[in-house]
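J.: Numbering (my numbering), first residue to last: 15 to 150.
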């Protein structure tokens, strides 16, 4: 029984002089990492800061066609609320810059919700590192 399953692959490998490539759907998925720079900011109430969203995509079989990120946080004002990188890419990029303003003292986190990311591909694993915002 096992020979019947393996034998066609062995024969195809012998007959194909250029090599034999087994492709699975896992080969097509990739890992998208996003992070903010700076990773931590300290503000006074009502103060503003500029943060830069960076992304890295390496493991996928195809480049990402685009990256669109919607930003929303009930505790802070964010401008712009959408960042768009409209070029296909693989590797590390700067998605864009935002300005934030927070009125109340406290500790806040600015992250990227994976449900608010559009890449143009499916099977993308999103790993996001939030920025810490401290208001004193």
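All residues carry an ideal CB built from backbone N, CA and C; glycine is no exception. Given the structure is predicted, the values throughout are model-derived calculations rather than measurements.
Figure out for me which residue from 134, 90, 143 and 149 has the closest Cα to the Cα of residue 78.
T.: For residue 78, the nearest C-alpha among the options comes from 134.
J.: Assuming residue 56 contacts residue 138 under a Cβ cut-off of 8 Å, what Cβ separation, rounded to an integer in Å, is found between them?
T.: Not really, about 33 Å apart at Cβ, beyond 8 Å.
J.: Considering only the beta carbon of each residue, do residue 145 and residue 69 sit closer than 8 Å?
T.: Cβ distance not < 8 Å, so residue 145 and residue 69 don't count as in contact.
J.: If you draw a straight line from the C-alpha of residue 85 to the C-alpha of residue 150, how long is it?
T.: C-alpha separation (whole angstroms): 23 Å.
J.: Please state whether the Cβ-Cβ distance between residue 97 and residue 107 is less than 8 Å.
T.: Contact: no.
J.: For residue 90 and residue 130, I'd like the C-alpha separation in whole angstroms.
T.: The alpha-carbon atoms of residue 90 and residue 130 are separated by roughly 17 Å.
J.: Is residue 68 helix, strand or coil by DSSP?
T.: Strand.
J.: So, under 8 Å CB-CB, residue 141 and residue 47 are touching, yes? Tell me the CB distance rounded to an integer number of Å.
T.: Indeed they touch by this definition, with Cβ atoms about 5 Å apart.
J.: So residue 109 and residue 67 are in contact, right, with Cβ under 8 Å, and what is the actual spacing, rounded?
T.: Between residue 67 and residue 109 the Cβ distance is about 4 Å, and since that is below 8 Å, they are a contact.
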